[in-house]
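Colleague:
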Amino acid sequence: MNVLAKSMIFSVGLTLVFTLVANLLPQVEGEAPVEEEVDLGSLTMDDFVTLGESLFMGKGTCTLCHKPAPLGRAPDIQGDNMVEVAKERLVDPRYQGKATSPEAYIRESMVDPSAYVVAGWGKKGSNDSESPMPHVDKPPTALSGLEMDAIIAWLEAKDGNEITVALPTMEASAEVAVVAPAGGGLPAPAATPEEAVTKYGCQACHTLLGSSASLGPALDDVGDRLEPEQIRQSIIAPDAVITEGYTSGVMPQDFAGKMTVQELEMIVKLLAEQKQ
Amino acid sequence: MSNDMSGRISWPAIFSGRLWTLLLVVMLTVAGAQTVAQAASHGMGSADSAEKRIAPVGRVQVEGQPLIEEAAAASAPEAPEPLAAPQPQRKDYPNIGVSSRAVVWIAAQMHLFFGALVLAVPLFVLVIELTGLVTKDERYDDMAHEFMKISLVGFSITAIFGGTLALALFLLYPDFMGYMMRVFGVQWLWYAALFFVESFFLYTYYYGWNALRYGNKKWVHLTLGLMLNAAGMTIMVLANSWATFMMAPSGVSETGVVTGSIWEIMKGPLWNPINLHRFIANIGFGGAVVGAYAAFKFLSTRDPKLRAHYDWMGYTSNFIAILAFLPLPFAGYWLMAEIYAYSQQMGITAMGGILAWLFIVQAVLIGTILLAGNFYLWSGMSRTEGSVRYQWMIKYIAVILVICFLTWMTPHTLILSAREISVLGGSHHHILGPLGIMPAKNIAVNLMLIVTFLSFQLYRRSDKVAVVPWASAANACMVAIYLVAIANIIFVGVYYGYFTNTVYKVGSSVIQVASTLVVIISGLVIDGFLYKGAKRLPSHWGQVSDRSQYALFALPIAFTWLMGLMGYVRSSVKTHWHVYTVMKDNSPDNFIPTIGYAGNMITLVTILFLLFVLFMFWIANLSSTRQTRPTTAEGGAVA
Ligand code: HEM
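If you read the protein sequences in the order shown, they are chains A and B.
Each residue of the first sequence is one higher than the last, beginning at 1 in our numbering.
Each residue of the second sequence is one higher than the last, beginning at 1 in our numbering.
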């Protein structure tokens, strides 16, 4: 056999060995999180708890770190009774956070992990002053307020504690999204239409700019349906005209008071351009 | 490659073939620059329309008078309108019937393979050339020239795949590329300009080799080589910044609005670790590929003179590949530690999530590289009689290597099936999680590196006899260093592996790494002094088994595959993001493919690479093939 053939057979053969190894291993696909469609109209507390569990295991990526002892990279909040643990945390003299109830403590742990760092679990070199846990309300996890509530509900329910979070009402779910930029003071006016849309949480209820939500009518084609003037009206006075199939009173009524004129105009302009 | 074939391509044709290559590079570069310019203006175009979109409707303007800037005054003073990263929806991604990701994957990987190759070769060529100058041994100079020759076509291939990649990206991921263009802006122009600079130095360096061979002119030539490398390095670090920006964006706001200078954008937390890791890996990779050329030529000839030459060339290539390889895991650890520091979530996704399995494959590949490298060194001992002194150690080294290799790649609990894993809810690493970073596993890695260095050291010693009076003291010292280092590595590994349980095990391997480095450095230093003016035993280049040459094929194959595999990790840890935390990937391919799928893709690109490398070598050989003048008898038909 000539050298070329021999060396090619050898090389390709070795490549195939590597391929074989890769194919013998368990084959797991890492799905991108799918936005769960929550029908608030018929949601029961059981559904809500189940939603919380699946968020904990899936989109929340909590189990990446929170898992049983020898394997975990964070406290085992799945195994522990989180409500009891939270009570201990609240009376710990090291506790400096703002929470006063277990529910609030858990929420605080998610949105401001460094408010209290469980001893021994802080970032290396930070002497337990900084938590390695991500702010789960921010990208890449980006859980909504509703989703965090669901997780809290599950954490409470799994050990037979009373569930303290309220089932989301339609208004509340919109509110949660709107209130997002926490912290005192007036939020700075949005600089771009996209920012304005994010700031007022339009995507929590509407399909728009990559979101998919069905609480309100989809807006990714609104430019086809409405004139800019009608769009403006729908934001300032949502209930003046109601799209077929949706109920009044769901969309927040106070945008007119909150938005700057520029923000309103940017959003109107942006929406008018949303054509299929 | 029949006579007939080489007959058709005569000298002038080859020459013009090279001209064509040159022309092609120039054309592609021009085309590339145009694409960039177009894309830049496209970026500006969209900025324009965005500005119009954002322009407050409430602007007041009296006809014929300038604008009354009250709306602008009301908002914060902002120079150019900032823009958030686009959030395309699935329908915004062009659908071409086959997976866009697969297309980009192939183009990007081919571009990267060849890019790595042509970046690395001039680097060690320059070092070899310098060695030739210092030792006044012209064989080095000729070998350096030959290395350049065989990788020359690689530059054109790199450019061709670079163009293909850019085209594929702009066509298939328009929103993403639009955003990247906006973020990196003028940097793309530097990149394009650097291609010209690199081409200039490449051709003057290569074609000027014999014209600038001696005396002061040699220094001019070396300077050209230095400039070529400077251009190449700059190109690499620029391109690296795109990859690291996608993993750990810096210089932009949470929504992707550009807030920092281009320097802040480039200098993300992962930039330097990737720069270092790629720099070292490229050298190893380049060495491995040219080694295959030498092995091929060695096997193809029976001429003892040629065999001696190619044996030496193969040895040098292997030397480069293994030497670059040794520090690579450490650079890898640094990279991984920085990833953890940037985002623990990302670090765990890489080392503990679905991707944890991948590190088994990585272990197989690195094991292959180490075994092949060692095997080659052992075979090479047959070149000198002096090696009998050390040959008894080979079997122990081999046993240690194999045990460590198996320890490293076998998970310590039973492997779960894929079904069981998915039932566990996406977090299945309690089997393999500790594998990648656990210090106990690091024992194996470090021991493998140490014994590989031992093989290397024995090989280097085999044709020499030390004459200094303190030789036995030095040897005792060397043995002691080995023993202490090995004991230390095992102790630290066991201690951290079984008696502590901290979240941060990455850092704990530092002691082990330090031990390994101490062995390598002290080994080099001690031998340097010990064998100064040592008695040389006769050694015979070319006197090596044919079988040993296959190690030189295994090396580049494993390196290439490894590179492809690591590219898969790097890209996958971003999960469903184009730019992590800033720009979501909503394309149909926004999931992490299975390791099997990735393996098939990697094999595909590896074989493609193999074919193109064959082509590159073939072209290189054409230039030294000369058709013999047809005799009258044969040429009768023509006459
Ligand atoms: C445990 C240690 C290591 C870790 C965690 C690690 C991690 C990585 C990562 C994340 C990349 C980025 C991939 C890319 O940018 O395309 C990479 C690239 C690479 N690694 Fe490693 N690596 C390690 C050790 C090694 C070793 C021992 C080798 C030996 C050959 C190696 C060879 C490569 C190569 C060839 C590349 C591609 C370089 C390029 O794209 O230019 N790595 N590694």
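C-beta atoms are modelled at their ideal positions from N, C-alpha and C, and glycine is treated no differently.
DSSP has THR384/B in a bridge; who is on the other side?
Modeller: Answer by DSSP bridge pairing, in chain order: SER539/B.
Colleague: Any idea if GLY32/B is buried or exposed, counting beta-carbon neighbours within 10 angstroms, 16 or more meaning buried?
Modeller: Low confidence applies here, because GLY32/B scores a pLDDT of 44, under 50, leaving its location unreliable and the question unanswered by this model.
Colleague: Within 8 Å of any Cβ in chain B, is that where the Cβ of TRP10/A sits?
Modeller: Contrary to the premise, residue 10/A reads as Phe rather than Trp in this sequence. It does; some Cβ of chain B falls within 8 Å.
Colleague: To the nearest angstrom, how far is it from the Cα of VAL503/B to the Cα of GLY599/B?
Modeller: At VAL503/B the pLDDT is 45, less than 50, meaning the model places this residue with poor confidence; the figure from the coordinates comes in the next sentence. Cα to Cα, the separation comes out at about 31 Å.
Colleague: Just checking my contact of VAL250/A with LEU215/A at CB under 8 Å: how many whole Å lie between their CB atoms?
Modeller: 7 Å between Cβ atoms; contact.
Colleague: Could you tell me the distance, in whole angstroms, from the CA atom of ALA153/A to the CA atom of VAL117/A?
Modeller: Cα to Cα, ALA153/A sits roughly 22 Å from VAL117/A.
Colleague: SER7/A touches chain B at which residues, Cβ-Cβ below 9 Å?
Modeller: Correct list: ALA292, ALA295, PHE296, LEU299, GLN549, TYR550 and PHE553.
Colleague: Under the DSSP definition of a beta bridge, which residues are partnered with ILE592/B?
Modeller: According to DSSP, which records beta bridges pairwise, ILE592/B is partnered with GLY30/A.
Colleague: Does the Cβ of GLU194/A have 16 or more other Cβ atoms within 10 Å, making it buried, or fewer, making it exposed?
Modeller: Answer is buried; the Cβ neighbour count reaches 16.
Colleague: Start and end of the alpha helix (DSSP H) containing VAL21/A?
Modeller: Looking at the DSSP string, the run of the alpha helix (DSSP H) that includes VAL21/A is 3-24.
Colleague: Do ILE526/B and ALA485/B have their CB atoms nearer than 8 Å?
Modeller: Not closer than 8 Å, so no.
Colleague: Run down chain C in chain order and give the residues with a C-beta less than 7 Å from the C-beta of ASN23/A.
Modeller: Judged by its chain identifiers, the structure shown contains no chain C, and its protein chains are A and B.
Colleague: Is the Cβ of VAL28/A closer than 8 Å to any Cβ of chain B?
Modeller: Chain B contact via Cβ: present.
Colleague: Consult DSSP for VAL252/B and reduce its assignment to one of helix, strand or coil.
Modeller: Strand.
Colleague: Starting from HIS578/B, follow the beta strand (DSSP E) in both directions and report where the run begins and ends.
Modeller: Note, HIS578/B: beta strand (DSSP E), 577-579.
Colleague: Which whole-angstrom value describes the C-beta separation of VAL579/B and MET246/B, a residue pair presumed to lie in contact below a C-beta threshold of 8 Å?
Modeller: Their Cβ separation, rounded to whole angstroms, is 5 Å, which keeps VAL579/B and MET246/B in contact under 8 Å.
Colleague: Under the rule that 16 or more other beta-carbon atoms within 10 Å means buried, what is ARG626/B, buried or exposed?
Modeller: Its Cβ having fewer than 16 others within 10 Å, ARG626/B is exposed.
Colleague: Within 10 Å of its beta-carbon, does TYR179/B have 16 or more other beta-carbons around it, so buried, or fewer, so exposed?
Modeller: Buried, by the Cβ-count rule.
Colleague: Closest by CA to PHE559/B, which one among ASN282/B, ALA243/B, TRP190/B and PHE147/B?
Modeller: Per the Cα distances, ASN282/B.
Colleague: Roughly how many whole angstroms lie between the Cα atoms of MET266/B and ALA239/B?
Modeller: Whole-angstrom Cα-Cα distance: 10 Å.
Colleague: Given that TYR580/B touches chain A, what residues does it touch there, using C-beta distances under 9 Å?
Modeller: Neighbours of TYR580/B on chain A, chain order: PRO139 and PRO140.
Colleague: Anything in the segment 45-69 of chain A with a Cβ closer than 7 Å to a Cβ of chain B? List those residues in chain order, please.
Modeller: Going along the segment 45-69 of chain A in chain order, one finds MET57, GLY58, THR61, THR63, LEU64, CYS65 and LYS67 with a Cβ nearer than 7 Å to chain B.
Colleague: According to DSSP, is HIS221/B part of a helix, a strand, or is it coil?
Modeller: In this structure, HIS221/B counts as helix in the three-state DSSP scheme.
Colleague: Distance cutoff 8 Å, beta carbons only. Does LEU209/A sit that close to anything in chain B?
Modeller: True, the Cβ-Cβ gap to chain B drops below 8 Å.
Colleague: Exposed or buried, LYS305/B, counting other C-beta atoms within 10 Å across all chains shown (16 or more means buried)?
Modeller: That one is exposed.
Colleague: Check for me: the alpha helix (DSSP H) holding ALA150/A runs from which residue to which?
Modeller: ALA150/A -> alpha helix (DSSP H) spans 145-157.
Colleague: For ALA85/B, which of helix, strand or coil comes out of DSSP?
Modeller: Residue state, collapsed to three classes: coil.
Colleague: Contact criterion: CB-CB distance below 8 Å. Does ASN272/B meet it with respect to chain A?
Modeller: False, the Cβ-Cβ gap to chain A never drops below 8 Å.
Colleague: Using 8 Å as the cut-off, can you tell me whether the segment 120-127 of chain B makes contact with the segment 613-620 of chain B, which would need three or more C-beta pairs spanning the two stretches below that distance?
Modeller: They do not touch, by the three-pair rule.
Colleague: Do TYR105/A and ALA86/A have their C-beta atoms within less than 8 Å of each other?
Modeller: Cβ distance < 8 Å, so TYR105/A and ALA86/A count as in contact.
Colleague: Along chain B, in chain order, which residues have C-beta atoms closer than 8 Å to that of LEU14/A?
Modeller: Correct list: THR368, PHE553, ALA554, ILE557 and ALA558.
Colleague: Are the C-beta of ALA84/B and some C-beta of chain A separated by less than 8 Å?
Modeller: It does; some Cβ of chain A falls within 8 Å.
Colleague: Excluding five sequence neighbours on each side, which residues of the same chain lie with their C-beta closer than 8 Å to the C-beta of GLN96/A?
Modeller: Cβ neighbours of GLN96/A beyond the five flanking positions: ALA115 and TYR116.
Colleague: Give the list of continuous alpha helix (DSSP H) stretches no shorter than 4 residues that lie fully inside the segment 76-134 of chain A.
Modeller: Taking only runs of at least 4 residues, the alpha helix (DSSP H) segments lying wholly in the segment 76-134 of chain A are 82-91 and 102-111.
Colleague: Which of helix, strand or coil does DSSP assign to ILE280/B?
Modeller: Helix, per DSSP.
Colleague: So, for THR301/B: in the same chain, excluding its five sequence neighbours on each side, which residues have a beta-carbon less than 7 Å away from its beta-carbon?
Modeller: Result list for THR301/B: ARG307, in chain order.
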